[in-house]
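Numbering (the numbering used here), first residue to last: 312 to 558.
What follows is one structure encoded as structure tokens, with my remarks underneath.
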Amino acid sequence: MPLGVGMKGALPCGFQMHGGAQSSILENKDVNGIAMDHRGLLRRSCAAAAVIFHGEAVEGGEAMTRWVSYSEKRQFLTTFLQQHRLKHPDARFVLQYLLQHPHLLENVHFTETEQKQARWLIISTAMAEEEGLVFYRRGQKSTSLASIMGDLALHPNETLYLTLHFPGKARNFSYLRLIDHQAFENVRRHERHEKMAKAAEQVLDEALKRHELSVLKMQIDQALDRKDMALFQQLTEQLKKYEGQNS
């Protein structure tokens, strides 16, 4: 549902909320009360609205699998072998073998989901906690180089799922672009959310400053109307300090 449809009231940040909640937040005219008690509530309300808006904007079913070219796979694996020391000595040989045989690499699908019932190759760097070299085929596990190479030779046209374990892969865009599920899109979604939350925070801060300034000026006018010079002087000093802090 688009924001603003079937909802009442507008927060200072520009997002919508129910009128009752809004009035309970903004009715208090005490400047310090607004600053100390309501800022957190307003901030949480706007942040929640941003999350809802973001979720509605990006939801709508799972992302389609992105086709990955042979060149992308080759480039990544070549760089990977140059930058990392592998935990198992035979793992480097297997990856180099895939690089030397384009028809095998064409059938490689990078994944971060369990594929034990298919053909699944798992390789880890020396700094990773996982096993260095593991191969699954139809639920059967093997760590033998002979078994892996034999399977590659006998079934060159079958899909081979490949998972790499190495430090920092959760933020490695080169790797995330290759994997055969939604992880890359999830990272992009997280970054979009962070960007939106930051923007909402900035808008909220500016709106709160404007609101607090408006309330303070209104209280100064009321003090003048009541000829309460002591309160007038106090509020005027607050106004000077406030404007100095936000100039």
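By construction, the Cβ of each residue, glycine as well, lies at the ideal position given by its N, Cα and C atoms.
Everything numeric in this text was worked out from a predicted model, so none of it was measured.
In the DSSP assignment, Phe404 is bridged to no other residue. About 11 Å separates the beta carbon of Asp462 from that of Arg449, a gap too long to meet the 8 Å contact definition. Contact check for Phe477 against Ala439 passes: the beta carbons are separated by less than 7 Å.
In the three-state reduction of the DSSP assignment, Val379 falls in the coil class. When His395, Val379, Lys427, Gln394 are compared, the shortest CA-CA separation from Asn418 is found for Val379. Per DSSP, reduced to three states, the secondary structure at His476 is strand. Short of 8 Å from the beta carbon of Tyr408, and not among the five residues preceding or following it, lie these beta carbons of its own chain, in chain order: Leu415, Met460, Leu463.
Ala534 and Leu550 have their C-alpha atoms spaced approximately 13 Å apart.
Counting only residues of its own chain and dropping the five nearest sequence neighbours on each side, Lys480 has a CB closer than 6 Å to the CB of Tyr486. Only residues of its own chain outside the window of five on either side were considered, and among them Ile434 have a CB closer than 6 Å to the CB of Leu475, listed in chain order. Counted as a single uninterrupted DSSP element, the beta strand (DSSP E) harbouring Ile434 occupies residues 430-435.
By the C-beta density criterion, Ala402 is buried, having at least 16 other C-beta atoms within 10 angstroms.
A Cβ-Cβ distance of about 21 Å is found for the pair Leu456 and Phe421, leaving them out of contact under the 8 Å criterion.
Taking C-beta atoms as the reference points, Glu423 and Ile490 count as a pair closer than 7 Å. Here Lys452 is bridged, per DSSP, to Tyr447. A Cβ-Cβ separation of about 4 Å places His395 in contact with Thr436 under the 8 Å criterion. The shortest CA-to-CA distance from Lys452 to any of Pro413, Ala429, Asn468 is the one to Ala429.
DSSP lists Thr436 as the bridge partner or partners of Leu397. For His420, the uninterrupted beta strand (DSSP E) segment begins and ends at 419-421. Around Phe446, the same chain offers Leu432, Ser453, Ile459 as residues with beta carbons nearer than 6 Å, after the five sequence neighbours per side are excluded.
For Ala541, the uninterrupted alpha helix (DSSP H) run begins and ends at 540-556, by DSSP. If you draw a straight line from the Cα of Arg385 to the Cα of Arg503, it comes to about 30 Å. A straight line joining the alpha-carbon of Lys528 with that of Arg488 spans about 54 Å.
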